[in-house]
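Student: Structure in structure tokens, see below.
Protein chains: 2
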Amino acid sequence: MNNTAVEGLPEPKTLVESAYRSLRRDIIEGNLAPDEKLRVEHLKDNYGVGAGTLREALSLLIADALVVSQGQRGFRVAPVSLADFEDIAQTRVMLECEALRQSIAMGDDAWEADLVAAFHRLAKAEEKRIGSEIREEWEERNRIFHEVLIAACPSRWLKHFLSILYHQAERYRRLSLYLQPIPRDIHVEHEALLHAAINREADKAAAILSEHILLTFRSVQAIPAEQLNAKLQA
Amino acid sequence: MNNTAVEGLPEPKTLVESAYRSLRRDIIEGNLAPDEKLRVEHLKDNYGVGAGTLREALSLLIADALVVSQGQRGFRVAPVSLADFEDIAQTRVMLECEALRQSIAMGDDAWEADLVAAFHRLAKAEEKRIGSEIREEWEERNRIFHEVLIAACPSRWLKHFLSILYHQAERYRRLSLYLQPIPRDIHVEHEALLHAAINREADKAAAILSEHILLTFRSVQAIPAEQLNAKLQA
DNA sequence: GAGTTTAAAAATCTCGAGAAAAGTTGTTGA
DNA sequence: TCAACAACTTTTCTCGAGATTTTTAAACTC
Chain X
32 MNNTAVEGLP EPKTLVESAY RSLRRDIIEG NLAPDEKLRV EHLKDNYGVG AGTLREALSL
92 LIADALVVSQ GQRGFRVAPV SLADFEDIAQ TRVMLECEAL RQSIAMGDDA WEADLVAAFH
152 RLAKAEEKRI GSEIREEWEE RNRIFHEVLI AACPSRWLKH FLSILYHQAE RYRRLSLYLQ
212 PIPRDIHVEH EALLHAAINR EADKAAAILS EHILLTFRSV QAIPAEQLNA KLQA
Chain S
32 MNNTAVEGLP EPKTLVESAY RSLRRDIIEG NLAPDEKLRV EHLKDNYGVG AGTLREALSL
92 LIADALVVSQ GQRGFRVAPV SLADFEDIAQ TRVMLECEAL RQSIAMGDDA WEADLVAAFH
152 RLAKAEEKRI GSEIREEWEE RNRIFHEVLI AACPSRWLKH FLSILYHQAE RYRRLSLYLQ
212 PIPRDIHVEH EALLHAAINR EADKAAAILS EHILLTFRSV QAIPAEQLNA KLQA
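The listed protein sequences correspond, in order, to chains X and S. Sequential numbering from 32 applies to the first sequence in the numbering used here. Sequential numbering from 32 applies to the second sequence in the numbering used here.
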């Protein structure tokens, strides 16, 4: 089930997996623009694999809804739209709040410890949040923090779907962090989330998480259309 | 996004798609047993395609979580378990009830008409529900009825996830219909669901749908372990 | 000039064979 | 008897080339 998670980092033992990861990264980071055509014959050189291997990697990416394919007309990067992002944000609020409630209800001491640790790592990365490789580190730690938050939720399917939605949202979020029109202190939000979770205040934690996710959507929503389109085609 | 839906029936225009559908059908129907190893060299003859083509079809099935792959060890049919089915049922209750509420809130006259039509087609199939090709017809119409129920829900992601869960549940449900230990009148359940939806009684409809889904789980749960295992290995 | 038909070009889809890894079997040595 | 090792078999993974289909461009008619 978990081909989207990529937890620790079990080295890719196959070329398909390697190409899959590179492609996914390039799509999420925007190096491959939304709706861009993915010509196999051209891309196979860039990623240093054969045609069949690349096709297989692209097929894998369909699971994450980062690539779409159509009949006899090849592959494309999944298109983006504000409506889609709104849908992603709302669905994520619904699922992630429920998962968080379950996680708070069932989490044990070890979970709390993992949570504190994940928050600490994230906080350290937030202090020095300038530069691009630092940024990747922050992205990684932010993902893990959210992952640990719901780790004690027993539903594998809920977590599976959230993993997909998280990566989808990340693609959009990459925009809002660079050109951020709504002022916000993400660190404070995460801190409040941490304390509410540790104190087992499920309603409060869910409310904070909900706001946290929706704020990111409103951030992108507030970006002027021209500026956004320029970004999206980049 | 919708590689799992297969709505009307746009003829498979490619061998990959064709193999994908045949494989999915065989997995859901249980012709390919849970956890069974899927050897490419052996299967390519059965489905009349090349090795690369079959690999691609298998990669596509990972999106539906009907196939799992592992490093350098090939593909397997996704395993099954009672715990997994419970998770599927509960997650489905959560998502499908929410989708149904939204659908009831937003559905227009055309939606009502589609719903009545879908129910009628399902009812006709229920009358003559004996024989195996009749059974396939019932399965198809049951799926469409559930699909139409939530069709007016505006969230594409919710519907996408539900489509995945539906096919997962179908695999388990195939068991409970044959050896049905809990007596139930599915027709009455569907009818109550239809009327609650048309009358815009969201709470009532959600309650019925919730019971409807959970009853299927309890049906499988009530099957004696030996009998179930025999089925699962078949 | 607009729209249709025809032909060339590009891209997709498909296959079978070769390299690499995993799994199996049998043998050897304590 | 058991474990470790080695040779063999099976299977997965990978690639490049050929067959179809789509796309592009040009030529032609109305």
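No residue lacks a Cβ here, since even glycine has one placed at the ideal position from N, Cα and C. Everything numeric in this text was worked out from a predicted model, so none of it was measured.
Does the Cβ-Cβ distance between X/Ser-100 and X/Tyr-78 come in under 9 Å?
Tutor: X/Tyr-78 is positioned such that its CB atom lies no closer than 9 Å to that of X/Ser-100.
Student: Would you list the residues sitting across from S/Phe-106 in a DSSP beta bridge?
Tutor: S/Leu-69 and S/Ser-100
Student: Counting along the chain, where does the alpha helix (DSSP H) carrying S/Leu-63 start and finish?
Tutor: Note, S/Leu-63: premise wrong, no alpha helix (DSSP H); not H, not E.
Student: Note down the Cα distance separating S/Leu-180 from S/Ser-134, rounded to an integer number of angstroms.
Tutor: 7 Å
Student: Using only the alpha-carbon positions, how far apart do S/Gly-102 and S/Asp-66 sit?
Tutor: In a straight line, the C-alpha of S/Gly-102 is about 16 Å away from that of S/Asp-66.
Student: Take S/Phe-116 and list the residues in its own chain whose beta-carbon comes closer than 7 Å to its own, dropping the five residues that flank it on each side.
Tutor: Tyr-203, Phe-248 and Val-251
Student: Could you confirm whether any beta carbon from chain X is found closer than 9 Å to the beta carbon of S/Thr-247?
Tutor: Chain X contact via Cβ: absent.
Student: Give every residue of the same chain whose Cβ lies closer than 7 Å to the Cβ of X/Leu-46, excluding the five residues on either side of it in the sequence, and list them in chain order.
Tutor: Val-80 and Thr-84
Student: In whole angstroms, give me the CA-to-CA distance for S/Val-108 and S/Leu-69.
Tutor: Roughly 7 Å between the two C-alpha positions.
Student: Can S/Ile-119 and X/Trp-188 be called in contact, C-beta distance under 9 Å?
Tutor: One thing to note: S/Ile-119 has its Cβ within 9 Å of the Cβ of X/Trp-188.
Student: So, are the CB atoms of S/Ile-93 and S/Glu-201 less than 9 Å apart?
Tutor: no
Student: Closer than 9 Å, Cβ to Cβ, to anything on chain S: give me those residues from the region 140 to 173 of chain X, in chain order.
Tutor: none
Student: Could you tell me the distance, in whole angstroms, from the CA atom of X/Ser-194 to the CA atom of X/Ala-82?
Tutor: Near 28 Å, if we compare the C-alpha coordinates of X/Ala-82 and X/Ser-194.
Student: Chain S partners of X/Glu-222, CB-CB under 8 Å?
Tutor: Going along chain S, no residue has its Cβ under 8 Å from X/Glu-222, so there is no contact; the nearest lies around 29 Å.
Student: Mapping DSSP to helix, strand and coil, what is S/Glu-129?
Tutor: helix
Student: To the nearest angstrom, report how far apart X/Thr-122 and X/Glu-42 are at their CA atoms.
Tutor: 32 Å
Student: Taking only runs of the alpha helix (DSSP H) that begin and end inside the region 142 to 170 of chain S, which ones reach a length of at least 4 residues, in chain order?
Tutor: none
Student: Alpha carbon to alpha carbon, how far is X/Arg-231 from S/Asp-139?
Tutor: 42 Å
Student: Do the region 218 to 230 of chain S and the region 216 to 226 of chain X meet, that is, are 3 or more Cβ pairs less than 8 Å apart?
Tutor: no
Student: What's the C-alpha gap between X/His-177 and X/Ser-186?
Tutor: 16 Å
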